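Visitor:
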Amino acid sequence: MKSVEKVTVAYFFTIASKSIPFAFLSMALDRVRSRKFTGISFSKLLGTGSGKTFTPTDADLSRWGMIVVIERDRLEEFDCSSIVFNWRKRATSEFRVVLSPISSHGLWAKV
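Here our numbering runs 72 ahead of the position in the sequence shown, where the first position is 1.
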């Protein structure tokens with residue numbers, strides 16, 4: 073059986089306050105949509121905070137993220153997908169990094 077090369081991609085988007093309702097809705101919908109995308113074996117959507125506490129009052133509603141483990145040959149298709157496009161359309165800035173695995177073990181969220 074041939075091994076498929078996978079990469080981890082981290083996206084972080086900064087959005088304007090008028091796009092906060094979109095972000096909340098996307099946290100629910102994109103969770104399901106990203107996991108159904110062919111080639112993705114893991115995805116996690118993220119909110120951010122200042123790091124001072126781990127409470128709702130610490131949340132930064134202007135910054136959101138997504139971590140995806142995907143087959144390398146499907147990455148370009150995912151980057152052009154409506155999931156990423158909708159975030160980019162509303163973002164005032166984006167940070168994206170593609171990471172190659174060094175090693176892995178265990179499970180996160182039973183995946």
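Idealized CB from N, CA, C, for every residue including glycine. Please read these numbers as outputs of a predicted model, since none were measured by experiment.
List the residues that DSSP assigns as beta-bridge partners of S90.
Guide: Here residue 90 refers to the residue found at position 18 of the sequence shown. Reading off the sequence shown, one finds Lys at residue 90, where the question assumed Ser. Bridge partners of K90: none, in fact.
Visitor: Which two residues bound the contiguous alpha helix (DSSP H) that contains I155?
Guide: The residue labelled residue 155 in the question sits at position 83 within the sequence shown. Segment S154 to R162, the alpha helix (DSSP H) holding I155.
Visitor: Please determine, among R160, R168 and I155, the residue with the shortest C-alpha to C-alpha distance to A100.
Guide: By 1-based counting over the sequence shown, the position of residue 100 is 28. For A100, the closest C-alpha among the options R160, R168 and I155 is that of I155.
Visitor: Could you check which residue in I174, V170 and S134 has the C-alpha nearest to that of W159?
Guide: Position 87 of the sequence shown, counting from 1, holds the residue named residue 159. The candidate whose alpha carbon is nearest that of W159 is S134.
Visitor: Identify which residue in S75, K74 and V81 has its Cα closest to the Cα of S172.
Guide: Here the question's residue 172 lines up with position 100 in the sequence shown. It is V81.
Visitor: Could you compute how far the alpha carbon of S89 sits from the alpha carbon of R146?
Guide: By one-based count along the sequence shown, residue 89 stands at place 17. By one-based count along the sequence shown, residue 146 stands at place 74. Their Cα atoms are separated by approximately 32 Å.
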